[in-house]
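Quick mapping for you: the protein sequence lines, in order, are chains A and H. Here the first sequence is numbered in my numbering, starting from 1 and rising by one per residue. Here the second sequence is numbered in my numbering, starting from 1001 and rising by one per residue.
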Amino acid sequence: MEELWVFIEQDEGEVEESSLEVLSKARELGDKYGFEVVAIFLGDGVKNKAEEVGKHGASKVLVVDNPNLRHYNSELYSKVMEKLIMKYNPNTVLFSATRNGRDLAGRIAVKFKSGLLAHVISLDFDESKDLVGKVPGFGGNIAAVVKCIESRPQLATVTPGVFEIKEYKSTFEVIEEDLGVELEPKNIKILSKEKGEYIDISKSEKVVVAGMGTGGRMDLVEELAKLLGADVGVTRPLADIGVAPRDIQIGSTGVTLKSKLALILGASGAPHFTSGIKDCGLVITVNKDPEAPIKEYSDYLVVGDIFEIIPRLVKLLRGEENA
Amino acid sequence: MLRNIIVALKVVPKPEEVTFNPETKTVDRSKARNEINPADKNALELALRLKEKYGGKVIVVSMGPPIWDKYLRLAVAMGADDAILISDRALAGSDTFPTTRTLATAIKKIGNYDIILCGEESSDGGTGQVPPGIGEWLDIPHITFISDIIEISEDGWAEVKRTIKGGHEILKVKLPFIAAVELGCNTPRFPDFRRKRWADREFQLTIWNIGDLGLNPEEVGLKGSKTIVVDLEEVRPPERKREVLTGAPDELAKKLYELLKGYL
């Protein structure tokens, strides 16, 4: 049976959830088109984590366990993937479109002269088992349906948050792969790593989003968010100037929100941003300009000065003033 | 002293000015203003800073139509020493496979490189696949999503800061390498007025066609691509109430409170 592979990303043994989304989707495609779904799991001491990966749709988990694979390293990871692909000749390899997934897929694509669909928001095969996916472009305004042409393996990176994580009851086998190659990095070495607290706002129920109109006053935004029990997100320019980490940047180059409530402060509505709020429930925006493009994406557009309105709202929420 | 620092850059239409005709299924870029892809400007800025610190020559290379001439001149006005435009009708419709191939072939032709920089992704296509792909063609290490090159040591290794989920990592990379530079990681300089005048009037832009690179028309463009666009769709904004609320700040704060109350 032809194989459909999913690269499972991890760091220090912690599995990247969006890889499991891709694996769950792969299983659905595998059942429909007759592929064996294989999870490719590289890391250090990850063999005992194979069980928690496999149940999301794999019929086989291929593990490569090595201390040097503890963190992502483009040199070593692409070397291992190359060996595995040469050995098993999969039909298709899927990656989550995370930084590391995209980094790896871009290299593998040229190595194997493969077609690669970038950060797709849908995924299917045609009658000749060529991979087809929808690729958003121009800041998310337009989507192209793109197809790989007869390349094997064919590749795609999948936008995180598009597919749901599912559990399957069927059994799967875990195979530890010994590649018999030396896994010492020669050209890229990791010296240090600094990780703060990471909040995945793609799964938040309520989000307060700050745009440039807030002037980067994150204290005000955070206070409001706290009172609402919401998480904080930002538009790209605020991440660019460094007042907030990239992880909470919303839009086509960041996170796609699925929150029930989004309160958006001082964002004009650039396309690269609005693609990240289209799946939200109620969208309330506060902006000076009643004609800003953000209006199209708002259920309610409150027209006014953030610095006059929000402090008053904060008082109401604290119960210091009566509504 | 560093050898060549090559910056691969692209010109893109401003995404908010690109329109789509759902009936003819065509993308109209004609009314959109063009700009150097924003992340590529950050890559150029980083290259210029490296040159100031370690010497070397900054060479800009781009693959596109002859009208991109003025954007390459802008890069020269910002401080690039040389600029090369790869322009050939046969390149039209190239996906990332022939694109990386063409750029890598041009980079080989330029030669003598230590560092190649690109933007992390383009704002129109946004695949982010080009830098690792070029790395593979050239058989050199690649690093993506970097926000800085901190130091380059005498022994030919660079210390690089790369953004990762929840933070960053510091990597040591052996020269020569290719890196994708994160959007917004620095502030690109404005061109010097006198240099801009010189770049516009006197600078000699090098133009190469695919023959100059030893590539065949079958290897590039649509024919050389591994993917094909079979359809285009407009992504419509979801239906929203679009109710505009105006009034005094006190009133508006109260209205907001009423709207939010149910979510507390």
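Just so you know, even glycine gets a beta-carbon here, dropped at the ideal spot from N, CA and C.
With a Cβ-Cβ cutoff of 7 Å, do residue i and residue j count as a contact?
i, j, result
"Leu-228 of chain A", "Lys-203 of chain A", "no"
"Asn-1209 of chain H", "Asp-1088 of chain H", "yes"
"Lys-1140 of chain H", "Phe-1177 of chain H", "A small fix is needed here, since residue 1140 of chain H is Ile in this sequence, not Lys. Cβ atoms of Ile-1140 of chain H and Phe-1177 of chain H: closer than 7 Å."
"Ser-1267 of chain H", "Val-1012 of chain H", "With chain H covering 1001 to 1264 only, the question about residue 1267 of chain H has no answer from this structure."
"Gly-336 of chain A", "Val-243 of chain A", "Limits of chain A in this structure are 1 at one end and 323 at the other, which puts residue 336 of chain A out of reach."
"Lys-1196 of chain H", "Ala-1077 of chain H", "yes"
"Leu-1072 of chain H", "Leu-1205 of chain H", "yes"
"Ser-18 of chain A", "Ser-96 of chain A", "yes"
"Leu-257 of chain A", "Ile-284 of chain A", "no"
"Gly-211 of chain A", "Ala-267 of chain A", "yes"
"Ala-156 of chain A", "Val-135 of chain A", "no"
"Leu-261 of chain A", "Tyr-1257 of chain H", "no"
"Gly-57 of chain A", "Val-38 of chain A", "no"
"Phe-41 of chain A", "Val-53 of chain A", "yes"
"Leu-20 of chain A", "Gly-43 of chain A", "no"
"Ala-1047 of chain H", "Gly-1119 of chain H", "no"
"Lys-147 of chain A", "Val-1220 of chain H", "no"
"Lys-278 of chain A", "Pro-1238 of chain H", "yes"
"Leu-191 of chain A", "Lys-1161 of chain H", "no"
"Ile-310 of chain A", "Leu-224 of chain A", "yes"
Residues of chain H with a CB under 8 Å from the CB of residue i: which are they?
i, result
"Lys-206 of chain A", "Tyr-1263"
"Ala-239 of chain A", "Gly-1184"
"Lys-129 of chain A", "Those do not exist, as Lys-129 of chain A stays about 15 Å from chain H at its closest Cβ, beyond 8 Å."
Could you tell me whether any Cβ in chain H is nearer than 7 Å to the Cβ of residue i?
i, result
"Ser-122 of chain A", "no"
"Gly-302 of chain A", "The amino acid at residue 302 of chain A is misidentified as Gly; the sequence shows Val. Val-302 of chain A counts as touching chain H."
"Ile-188 of chain A", "yes"
"Leu-220 of chain A", "no"
"Ser-259 of chain A", "no"
"Ser-96 of chain A", "no"
"Ile-309 of chain A", "yes"
"Gly-266 of chain A", "no"
"Val-38 of chain A", "no"
"Lys-111 of chain A", "yes"
Going along chain H in order, which residues have a C-beta closer than 9 Å to the C-beta of residue i?
i, result
"Ile-149 of chain A", "Ser-1225, Lys-1226, Thr-1227 and Ile-1228"
"Thr-171 of chain A", "The contacting residues do not exist; Thr-171 of chain A stays about 31 Å from chain H at best."
If we define contact as Cβ-Cβ less than 7 Å, is residue i a contact residue for chain A?
i, result
"Arg-1266 of chain H", "One cannot answer for residue 1266 of chain H here, as it falls past the ends of chain H, which runs 1001 to 1264."
"Phe-1190 of chain H", "no"
"Gly-1156 of chain H", "no"
"Lys-1010 of chain H", "no"
"Asp-1124 of chain H", "yes"
"Pro-1141 of chain H", "yes"
"Leu-1117 of chain H", "no"
"Ala-1253 of chain H", "yes"
"Gly-1221 of chain H", "no"
"Glu-1218 of chain H", "no"
"Leu-1256 of chain H", "yes"
"Lys-1070 of chain H", "no"
"Leu-1213 of chain H", "no"
"Phe-1020 of chain H", "yes"
"Gly-1128 of chain H", "yes"
"Val-1160 of chain H", "no"
What residues of chain H sit near residue i, judged by a beta carbon separation below 7 Å?
i, result
"Gly-216 of chain A", "What Gly-216 of chain A touches in chain H: nothing, since even the nearest Cβ is about 13 Å away."
"Leu-84 of chain A", "Neighbours of Leu-84 of chain A on chain H: none; closest Cβ ~17 Å, over 7 Å."
"Glu-75 of chain A", "Pro-1141"
"Tyr-198 of chain A", "Lys-1165 and Gly-1166"
Taking the alpha-carbon of residue i as reference, which of the options has the nearest alpha-carbon?
i, options, result
"Gly-1224 of chain H", "H:Leu-1252, H:Asn-1186, H:His-1168 and H:Thr-1100", "H:Thr-1100"
"Lys-60 of chain A", "A:Gly-251, A:Ile-175 and A:Ala-270", "A:Ile-175"
"Ile-8 of chain A", "A:Val-64, A:Val-120, A:Ala-109 and A:Gly-281", "A:Val-64"
"Asp-1124 of chain H", "A:Gln-249, A:Glu-320, A:Glu-184 and A:Thr-253", "A:Thr-253"
"Ala-1083 of chain H", "H:Lys-1025, H:Glu-1120, H:Pro-1238 and H:Met-1063", "H:Met-1063"
"Phe-1145 of chain H", "H:Ile-1036, H:Gly-1167 and H:Gly-1156", "H:Gly-1167"
"Gly-45 of chain A", "A:Pro-311, A:Leu-76 and A:Gly-13", "A:Gly-13"
"Glu-222 of chain A", "A:Ile-248, A:Leu-131 and A:Ile-294", "A:Ile-248"
"Tyr-77 of chain A", "H:Ala-1043, H:Leu-1074, H:Leu-1183 and H:Ile-1143", "H:Ile-1143"
"Asp-1040 of chain H", "H:Asp-1250, H:Asn-1216 and H:Asn-1186", "H:Asn-1186"
What residues of chain A sit near residue i, judged by a beta carbon separation below 8 Å?
i, result
"Leu-1091 of chain H", "Those do not exist, as Leu-1091 of chain H stays about 17 Å from chain A at its closest Cβ, beyond 8 Å."
"Leu-1232 of chain H", "Ile-142, Ala-143, Ala-144 and Val-145"
Counting only Cβ pairs nearer than 7 Å, list the residues of chain A close to residue i.
i, result
"Ile-1170 of chain H", "Leu-191 and Ser-192"
"Leu-1044 of chain H", "Those do not exist, as Leu-1044 of chain H stays about 16 Å from chain A at its closest Cβ, beyond 7 Å."
"Asp-1028 of chain H", "Within 7 Å Cβ-Cβ: nothing; Asp-1028 of chain H doesn't reach chain A, min ~10 Å."
Give me the chain A residues within the contact set of residue i, using Cβ-Cβ distance strictly less than 9 Å, ordered along the chain.
i, result
"Arg-1242 of chain H", "Lys-295, Glu-296, Tyr-297, Ser-298, Asp-299, Tyr-300 and Leu-301"
Query raised in the report: Taking one C-beta from the stretch 1170-1188 of chain H and one from the stretch 20-37 of chain A each time, how about it: are there three or more such pairs within less than 8 Å?
Result: The stretch 20-37 of chain A and the stretch 1170-1188 of chain H do not touch, with fewer than three beta-carbon pairs separated by less than 8 Å.
Report task. Report yes or no: do the stretch 183-198 of chain A and the stretch 283-298 of chain A share at least 3 C-beta pairs separated by less than 8 Å? Result -> Using a C-beta cut-off of 8 Å, the stretch 183-198 of chain A makes no contact with the stretch 283-298 of chain A, since fewer than three inter-stretch Cβ pairs fall below that distance.
Query - Segment contact, 8 Å Cβ cut-off, at least three pairs: the stretch 1178-1192 of chain H with the stretch 1203-1221 of chain H - result: Touching, no.
Query raised in the report: Are there three or more Cβ pairs, one per stretch, closer than 8 Å when the stretch 97-116 of chain A is compared with the stretch 72-85 of chain A?
Result: Taking 8 Å as the limit for Cβ pairs, the verdict is that the stretch 72-85 of chain A does touch the stretch 97-116 of chain A.
Report task. Report yes or no: do three or more beta-carbon pairs, one from the stretch 1145-1158 of chain H and one from the stretch 158-173 of chain A, lie closer than 8 Å? Result -> Counting C-beta pairs closer than 8 Å gives fewer than three between the stretch 1145-1158 of chain H and the stretch 158-173 of chain A, which falls short of the contact rule.
Query raised in the report: Using 8 Å as the Cβ pair cut-off and three pairs as the minimum, do the stretch 1021-1031 of chain H and the stretch 297-314 of chain A touch?
Result: Below 8 Å, too few C-beta pairs join the stretch 1021-1031 of chain H and the stretch 297-314 of chain A to call them touching: fewer than three.
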